[in-house]
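Residue numbers for the sequence shown follow the working numbering, so the first one is 39 and each next one is one higher.
For every residue, glycine included, the Cβ atom is placed at its ideal position computed from N, Cα and C.
Here's the structure we're looking at; comments come further down.
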Amino acid sequence: MLMRIQRGSYFGGFRAMYSGSGTKNYQPYTMKAETLDAGEVWVRCYNLDPIAGAELNREYLSKLIFVARKVNLPVEYIQELEILN
């Protein structure tokens with residue numbers, strides 16, 4: 039899912055989520071995404087490489103769900119997150 043975040047929306051919430059020491063191991067990835075009108079755009083994503091045997095961070099997931107609701111991400115995406123919780 040792609041979205042453009044304007045500073046006036048809930049930008050501070052995303053900044054707070056990704057500024058802690060727990061996110062220092064996130065790696066940047068550049069990938070091509072298809073837009074709803076069948077166009078293409080290059081995007082930068084930050085992902086944490088999977089850690090074998092790692093447990094789900096429920097506190098982080100709860101914060102992610104909160105922010106996803108706050109910026110009106112698609113209901114389907116929020117529901118997928120809630121299933122994990």
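- Between L86 and Y64, the C-beta spacing is below 8 Å.
- By the 16-neighbour rule on beta-carbons within 10 angstroms, L102 is buried.
- Where Y64 is concerned, there is no enclosing alpha helix (DSSP H), because DSSP gives it neither an H nor an E.
- In the pairwise beta carbon analysis, the stretch 87–96 is classified as not touching the stretch 110–117: fewer than three pairs are separated by under 8 Å.
- Under the three-state reduction of DSSP output, V109 falls in the coil class, being neither helix nor strand.
- Note on geometry: alpha-carbon atoms of G77 and L122 lie some 31 Å from one another.
- R96 has its alpha-carbon roughly 14 Å from the corresponding atom of G60.
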